[in-house]
Amino acid sequence: EFLTLLATCHTVVPENKLNTDSLNDVAYQASSPDEYALVTAVKEMGVVFFRRTPDSVVISFRGQEETYEILNVLEFSSERKRMSVIVRSPNNEIKLYCKGADSVIMERLVADEPNVPLTTEHLESFAKDGLRTLCLAYRTLTDEEYREWLVQHREASTAINNRSELVAEVAERIERNLILLGATGIEDKLQDQVPDSLSMLLKAGIKIWVLTGDKKETAVNIGYSCKLLSDQLLNLTLDEATLDDTQRQLREHCQTFGDSLRKENLASLIIEGKTLKYALSPSCRQDFLDLAISCKTVICCRVSPKQKAEVVELVKQSTNEITLAVGDGANDVGMIQTAHVGVGIMGREGVQAACASDYTIGQFRFLTKLLFVHGVWSYRRLCKVLLYSFYKNICLYVMELWFAFHNGFSGQILFERWTIAIYNVLFTAAPPMALGLLDRCCSAETMMRFPAIYKMSQNRSDFNIKVFWSWCLNAVYHSIILYFMSYAMLRHDVAYSNGQAGDYLLLGNMIYTYVIFVVCLKAGLESDSWTMLTHIAIWGSIASWFVFFIIYSNFWPTIPLAPEMRGMAKYVFSSMYFWFGLILIPITALLADFIYNCLQRTLYKTLMQEVQEKEVANQDPYDLVMARQTSTVSRVAERLALLKSVFVRTRTPKMSGIIPGPYHGFAFSQEEDGVVPQNQLIRTCDTNIQKPPGL
């Protein structure tokens with residue numbers, strides 16, 4: 001009966017692509033790897049599921065074909081945590097087969113079920129080995145029982161309002177008085193380098209919260225295998241069954257943390273899904289958030305997809321931190337879409353998570369490179385591009401204000417209108433592109449080796465109100481230097497050695513040239529890495545202005561455009577004041593920036609700048625980075641010692657701080673509320689019909 005249940009209660013579709021009669025050639029298409037594993041396991045035991053029609057499944061039991069008529073399918077959902085099928089066996093018996101979370105199966109068994117103690121023991125053993133578990137049960141129905149229930153089911157299935165709730169309610173009426181058959185355990189292997197990747201994330205100051213549907217024991221053991229939990233951590237467990245108890249326990253823990261509340265502590269929090277329901281209530285959510293933030297790691301086990309999204313939403317709305325959600329299954333879609341940044345892992349769970357995410361990776365280990373390398377590079381590049389864009393526009397256009405003081409606020413502009421229009425389009429477009437595409441603070445190898453460098457992007461040192469206004473004021477300062485020094489050179493109306501005077505366009509084109517020089521060289525000062533393309537972007541932008549200026553000055557009258565610019569290039573280039581100012585004024589404007597950078601790198605250099613210097617000198621920055629981390633670790637260790645003296649806890653070799661309970665998780669990764677319902681999927685599948693070639 002155990003094997004028959006596994007061979008019939010599922011949504012797997014068999015295939016025989018070799019078109020042979022051998023049952024060994026049967027392959028399976030499943031909605032989840034768990035379903036695939038269970039059906040494949042019973043196949044290895046001699047019960048082969050090899051054919052599905054719209055109203056039946058056919059299995060081979062020890063070489064003998066048996067056909068089970070599918071009468072009804074009670075679909076899986078995250079709320080039900082189980083799936084059932086009602087079948088008519090070859091001997092004309094009507095049976096209900098049910099598999100699901102042991103927490104929901106156990107409470108629907110007949111009274112005094114003899115297999116419960118042994119099955120519970122097996123479940124605990126599976127959990128300690130890190131396996132994902134399911135319980136299996138069945139009951140035999142009489143024809144009269146089934147007919148009465150079928151009428152109710154049809155009424156619920158055709159209801160206009162609240163159909164899902166009514167169908168679930170009807171299913172409850174028949175999914176009772178079950179006979180326990182046993183339990184299954186499925187190994188959920190960790191991907192390559194998962195423990196190392198998580199360790200790197202923790203070193204980077206990233207807090208990791210694990211939201212899983214697995215049972216507590218399974219989640220804890222996986223936490224130990226991933227090195228999220230250890231004997232050095234203070235492990236706290238919340239496993240309360242009522243709102244009042246949950247609220248009381250949360251407040252006690254928060255009060256015990258004292259001044260360490262909402263600070264980094266070497267502690268972990270493990271909370272059950274049933275307790276999380278109360279912890280997310282309005283009266284408890286703030287205490288829960290405070291306690292969770294105080295812990296280095298949080299593990300929420302036996303949680304539904306909705307609860308995953310609610311936890312992410314709580315952190316997102318109640319803190320100023322950036323949340324990142326990573327998942328690989330349909331159950332993670334809500335969480336991924338709720339977080340600031342969603343990362344989907346392409347895997348055997350399907351592509352739902354990948355399609356709903358902002359970024360998609362092939363394996364979890366690639367998350368470290370996404371964050372530490374591309375994340376930091378992109379963050380610093382975007383900050384520089386944004387600040388530089390404000391800077392270069394303020395630097396040019398504020399000069400119209402200074403010019404207004406000398407033209408009596410007449411509305412006359414200092415620069416020719418087309419040169420203003422293409423300032424951002426042509427002459428200053430390449431430098432921000434070089435900053436945004438090519439700039440690298442450190443090599444990828446160094447950033448992957450030292451996660452502490454990632455912390456530079458977490459404290460918002462590259463972009464904040466102070467940095468923004470410093471760039472804006474710097475632009476105003478440069479505009480003052482550029483305008484008033486240029487104006488001072490021509491204040492006596494003598495622009496040439498023969499005593500000829502200049503006009504406003506002479507002043508405007510001189511200043512415009514100096515602006516191009518200063519703005520482009522400013523991009524060079526802010527660049528962390530100079531490449532050939534960086535040189536081309538900066539010097540090419542400067543050269544493009546001279547080329548454009550010469551050509552544009554000769555448009556008229558061949559092209560009826562800008563007659564006032566006729567011969568202006570020759571007019572400007574023949575003035576010794578222009579060339580003298582080209583040497584003096586840009587250097588004067590950028591001198592303060594150069595001195596500031598030198599002083600900052602000498603007296604107040606950051607960790608990243610020190611690492612950059614080590615890289616340039618071809619030296620290993622290991623000792624430097626480790627010295628910076630030592631002081632931080634010592635402060636956290638002091639806080640842990642204080643917490644250990646306050647909390648009273650017990651330990652076992654494998655389960656530190658874990659309170660054993662009768663509730664268990666489940667391993668049922670199956671898509672719900674899909675485009676095609678499970679029932680319809682089964683009813684439309686017929687493996688007797690050969691597929692067209694190529695499918």
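Under full-length UniProt numbering, the sequence shown has 510 at position 510, and the numbering climbs by one with no breaks. Just so it is clear, CB atoms sit at the ideal spot from N, CA and C, and this is done for glycine as well.
- The beta strand (DSSP E) runs lying completely inside the region 139–213 and spanning 3 residues or more are 179–187, 208–211, given in chain order.
- Listed in chain order, the beta strand (DSSP E) runs fully inside the region 554–623 amount to none, counting runs of at least 3 residues.
- Taken in chain order, the whole alpha helix (DSSP H) runs of length 4 or more contained in the region 385–430 are 399–404, 417–421.
- Short of 7 Å from the beta carbon of L561, and not among the five residues preceding or following it, lie these beta carbons of its own chain, in chain order: F555.
- Within the same chain, and ignoring the five residues on either side of C355 in sequence, the residues whose Cβ sits closer than 8 Å to its Cβ are G344.
- When DSSP states are grouped into helix, strand and coil, L521 belongs to the helix group.
- For E252, the enclosing alpha helix (DSSP H) stretches over residues 243–257.
- By the Cβ neighbour-count rule, V547 is exposed, with fewer than 16 other Cβ atoms within 10 Å of its own.
- G329 sits away from Q363, with the two beta carbons spaced by 8 Å or more.
- Per DSSP, R460 lies in no beta strand (DSSP E) segment and is marked neither H nor E.
- Around the beta carbon of F390, fewer than 16 other beta carbons lie within 10 angstroms, which makes this residue exposed.
- In the three-state reduction of the DSSP assignment, R285 falls in the helix class, which pools H, G and I.
- By the neighbour-count criterion, in which a residue is buried when 16 or more other Cβ atoms sit within 10 angstroms of its Cβ, Q29 is exposed.
- When rounded, the separation of the alpha-carbon atoms in S574 and V518 is 22 Å.
- Counting only unbroken stretches of 3 or more residues, the beta strand (DSSP E) elements lying wholly within the region 320–347 are 324–327, 341–345, in sequence order.
- Note that the C-beta distance between E113 and R88 is not below 8 Å.
- As summarised for the region 65–132, the continuous beta strand (DSSP E) elements at least 3 residues long and confined to that stretch are 82–88, 94–100, given in chain order.
- Relative to the Cα of D290, the nearest Cα in the group Q307, D259, G273, R302 belongs to D259.
- Listed in chain order, the non-local C-beta contacts of A171 below 6 Å within the same chain comprise L74, local neighbours out to five positions each way being set aside.
- For Y36, the enclosing alpha helix (DSSP H) stretches over residues 33–44.
- Here the alpha carbon of C300 sits roughly 44 Å from the alpha carbon of A434.
- Two segments are said to touch when three or more pairs of C-beta atoms, one from each, lie closer than 8 Å; by this definition the region 535–546 does not touch the region 449–463.
- Comparing C-alpha distances from T687 to each of A537, N16, L6, L533 shows the shortest one belongs to N16.
- Bounds of the beta strand (DSSP E) holding L234 are 234–238.
- Going by DSSP, P54 is part of no alpha helix (DSSP H) at all; its letter is neither H nor E.
- With respect to the C-alpha of E66, the residue from K43, T531, P90 having the closest C-alpha is P90.
- If the five residues before and after L582 are omitted, its C-beta is found closer than 8 Å to the C-beta atoms of T513, Y514, F517, all from its own chain and listed in chain order.
- Shown here, Q29 sits in a strand according to DSSP, grouped into three states.
- Going by beta carbons, A183 and D102 fall inside the 8 Å limit.
- For I361, the pairing in a beta bridge is given by DSSP as I345.
- Per DSSP, E272 lies in no alpha helix (DSSP H); the unbroken beta strand (DSSP E) holding it starts and ends at 267–272.
- Across the set P563, F366, I422, the C-alpha of F366 shows the shortest separation from the C-alpha of Q193.
- Listed in chain order, the non-local C-beta contacts of Y359 below 6 Å within the same chain comprise V343, local neighbours out to five positions each way being set aside.
- DSSP, read as helix, strand or coil, puts E264 in coil.
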